[in-house]
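Working notes, structure below.
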Amino acid sequence: MKWFNHKPRSMPVSEVDPELDSVGPYNRLSASQVNSYRACQRMWFYEKVLKFKIRQIPVLYVGRAVEDAICKTLKESPSLLLATASEHTLSKIPIDEDGKPSRNGGNTWPANRILPLDKSQIPKSFDQIFDWAKQRVEKHLKSSLSAVKKDWERQERRSGDWSEVDFDYCLEMCINALNFHMIEVKRCYEKIDQQTLKSWRNGNREYWPSPDGYDFQLAGKHPLADEGKVTINEAWEIARPWFVEPEAGQFSMNSIHPEYWFQGEYDIVYRWDNNVKIVDIKASKGIGDRSGDYIDQLRMYAMLWWVTHEKDELVSDLEIWYLGANVVKTIPVPTESEMAVIEQELRLLWNEIKSHKVSIEQCPPNPSPLRGFSKGGVATNPPNGEVRCDRCDWKSVCSGGEGEEYREMQREYTLPGLITPIHPVSLQDLNVRFSLTTVVDSVNYRENDVPEIKIIQDGYRASIEIKVNKHQDGSSTYPHGLRKNDLIYLQNVIINSNYRGELIVKVDPLAKITTSSETECNDKLLDFRARWDIVGKLAYKYYRSGIGRNGREWHRKGMVVYDKNNAIKISGWSNDWGHQYDMADEGDYVLLSNIELDAWADQLRGQIGRHSRIDIIN
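The following block contains the structure:
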């Protein structure tokens with residue numbers, strides 16, 4: 001293999017052995033979780049345990065678009081593409097089933113299909129490369145902003161006005177990033193040693209190479225290699241940092257602690273000179289409290305790099321690129337003893353809040369003081385008279401803000417117009433998951449898709465909907481080669497019914513189908529309960545609309561309701577909610593009658609129908 005012959009360096013991505021990973025991808029700590037918990041334990045509880053979703057304002061999506069446009073530009077080569085080339089020229093790389101760039105041989109990579117440009121067509125100076133890069137990033141930014149706008153429009157808690165997004169300002173931030181990158185390119189041109197240059201020209205690549213549209217391994221010399229002294233175009237190629245492949249699946253290219261309890265995803269890693277510089281890209285000016293979080297995040301990333309490299313390789317530099325301020329902020333790299341302390345503190349924190357289910361009593365509403373930072377992330381005095389609760393999304397329901405602690409509700413309600421009292425079920429007692437042994441009634445295999453499976457148990461039939469290929473432990477959610485009359489075990493599946501009243505068995509990341517024996521049988525299909533009554537406190541409401549395939553408008557409303565330690569997300573067609581929905585405010589107690597249940601991963605979901613009812617019971 002033609003990898004660079006170095007120590008276990010340059011490994012920004014971890015490959016997890018599912019059999020050894022006892023934590024799982026949904027239960028690891030991350031820097032954002034750590035910073036959220038340290039800011040306010042109650043806020044963390046609402047967002048990470050109860051799964052409350054903050055308002056989705058455009059600025060959250062603009063940052064993604066800016067980073068995406070930058071990375072797609074850095075992926076490209078001035079020796080391979082004209083400035084006017086399509087922004088999709090290097091897209092459609094092979095992706096494996098885990099969402100990572102595929103290592104399977106025989107794949108066709110986009111850059112391999114393109115002949116290098118004639119020397120007369122390539123930039124001759126750094127200024128020309130920069131002009132080329134500016135044209136490329138502008139082209140990418142247009143499509144990146146368009147993509148995140150569509151994502152924003154799909155969000156149920158969409159907030160703000162997209163018309164306030166300033167393309168020119170976003171482009172300015174992208175160009176600022178390219179300026180910072182060109183400093184590294186020029187340094188590479190001036191400082192590169194002959195061994196590194198020769199190795200690159202010979203086609204040697206890192207195990208996780210910087211994305212450039214080429215395969216993991218090259219057959220012979222690098223297609224863009226020149227001769228003699230390093231050229232400015234070669235310096236662009238060699239200095240290219242590692243970043244997450246823009247087409248990779250979400251969170252597929254994380255770096256993960258060897259004990260699996262912490263993970264992070266680096267924005268940019270420079271490593272061409274045998275040093276490691278980690279860069280965090282921020283599409284902001286660096287003003288305000290969150291600049292403190294960014295410092296802590298990079299310190300955690302320095303620790304993560306160290307522990308994922310056998311504690312034998314240190315990060316040399318940490319930087320925050322504040323693109324809105326056009327400032328590079330350097331963060332002191334923690335020492336080995338400091339990183340050992342960081343690692344120990346995070347391990348203890350994981351044990352405290354992730355190794356078991358945490359109760360709300362363990363997460364008091366005692367927020368930390370706000371920190372002050374001016375333009376460029378320069379530490380300054382904290383804001384006068386302002387506290388963290390003032391800007392919290394949950395102040396209307398939290399006792400630390402304007403709300404009150406949840407109080408236990410009665411177990412019987414007599415509602416106007418109803419003779420029979422309603423006895424709501426506690427959220428913790430709602431049963432939507434089952435484990436049962438059944439027989440395969442039929443299997444229909446479809447090319448490049450999951451099979452259609454129908455099952456039968458005690459004469460009752462149901463259809464299986466396989467929503468994901470991978471279980472949270474990394475294994476397949478279903479066995480291959482199933483046939484009629486095979487005995488199978490459905491573990492932790494979700495059972496509900498469709499609009500025709502037919503039973504549906506759903507397989508999500510927490511469920512699995514395996515071959516089995518009768519001894520594993522626990523539940524029955526008919527243990528499924530169609531309708532439930534619940535009571536809880538209203539966290540927030542949301543609204544979605546769109547145009548269906550038939551050209552007609554659709555409108556859906558929803559709410560998130562919670563009790564002390566559980567929450568449920570309930571949605572339905574607008575016409576099915578009734579006037580009490582519109583009257584209900586955040587912090588009100590509501591009774592929801594005759595609702596259907598569903599789930600996705602660890603989030604419980606409900607469905608309002610035309611025979612459902614909502615009542616405010618304050």
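Under our numbering, the sequence shown has 154 at position 154, and the numbering climbs by one with no breaks.
Glycine residues also receive a C-beta, built at the ideal position from the N, C-alpha and C atoms.
Between R483 and V439, the CB-CB gap reaches or exceeds 8 angstroms. Following the DSSP letters along the chain, one finds V137 inside the alpha helix (DSSP H) bounded by residues 126-154.
Proximity to A39 across L74, V333, P369 peaks at P369, based on C-alpha coordinates. With a minimum length of 3 residues, the unbroken runs of beta strand (DSSP E) contained wholly in the stretch 531-558 fall at 532-547.
In terms of CA proximity to I568, A599 leads the group A599, N575, R549, I353. Linking R64 to K282 through their CA atoms gives a straight-line distance of about 9 angstroms. Residue burial annotation: H222 is buried, with at least 16 other C-beta atoms found within 10 angstroms of its C-beta. Here N566 is buried. Its C-beta has 16 or more other C-beta atoms within 10 Å. Secondary structure of T196 (DSSP, three-state): helix. In this structure, G572 is the residue among G572, Y589, A601 with its C-alpha nearest to the C-alpha of I608.
Here DSSP, grouped into helix, strand and coil, assigns Y562 to strand. A distance below 7 angstroms between beta-carbons, with the five flanking residues on each side excluded, links I360 to the following residues of its chain, in chain order: F45, K564, N565. Contact between D390 and N35 fails: their C-beta atoms lie close to 18 angstroms from each other, not under 8 angstroms. In this chain, the beta strand (DSSP E) harbouring L604 covers 603-607.
Residue A239 holds the alpha-carbon nearest to the alpha-carbon of M182 among G213, R158, A239. Residue pairing from DSSP places N496 in a beta bridge opposite I504. Counted as a single uninterrupted DSSP element, the stretch harbouring R483 is not any alpha helix (DSSP H), since DSSP gives it neither H nor E. In the three-state reduction of the DSSP assignment, K282 falls in the strand class, which pools E and B.
Using a 10 angstroms sphere on the CB of T477, the tally of other CB atoms reaches 16 or more, which defines it as buried.
Under the three-pair Cβ rule at 8 angstroms, the stretch 159-170 does not count as touching the stretch 188-198. In the displayed model, W600 falls within a strand according to three-state DSSP.
By the C-beta criterion, the stretch 522-533 is judged to be in contact with the stretch 421-437, since at least 3 inter-stretch pairs fall below 8 angstroms. Per DSSP, reduced to three states, the secondary structure at R28 is coil, with no helix or strand assignment. Contact between the stretch 497-514 and the stretch 548-562 is absent: fewer than 3 CB-CB pairs across the two stretches fall below 8 angstroms. DSSP, reduced to helix, strand and coil, places K72 within a helical segment of the structure shown.
Cα atoms of S32 and C392: separation of roughly 16 angstroms, rounded to the nearest angstrom. In this structure E87 touches H140 by the C-beta definition: roughly 5 angstroms separates them, less than 8 angstroms.
In this structure, C188 lies near A235, with their beta-carbon atoms less than 8 angstroms apart. Beta-bridge pairing by DSSP links D615 to L591.
Contact annotation: the stretch 126-136 touches the stretch 66-83, with at least three C-beta pairs closer than 8 angstroms.
Here the C-alpha atom of V59 lies approximately 42 angstroms from the C-alpha atom of S463. A residue is called buried when at least 16 other Cβ atoms come within 10 angstroms of its Cβ; Q344 does not meet this threshold and is exposed. Under the three-state reduction of DSSP, V443 is assigned to strand.
Sorting L171, M43, D212, R55 by C-alpha distance to the C-alpha of S77 places D212 at the top. For the options G376, L349, S374, the alpha carbon positioned closest to that of C363 is the one of L349.
Each residue's CA atom was taken as its position, placing N233 and V16 some 36 angstroms apart.
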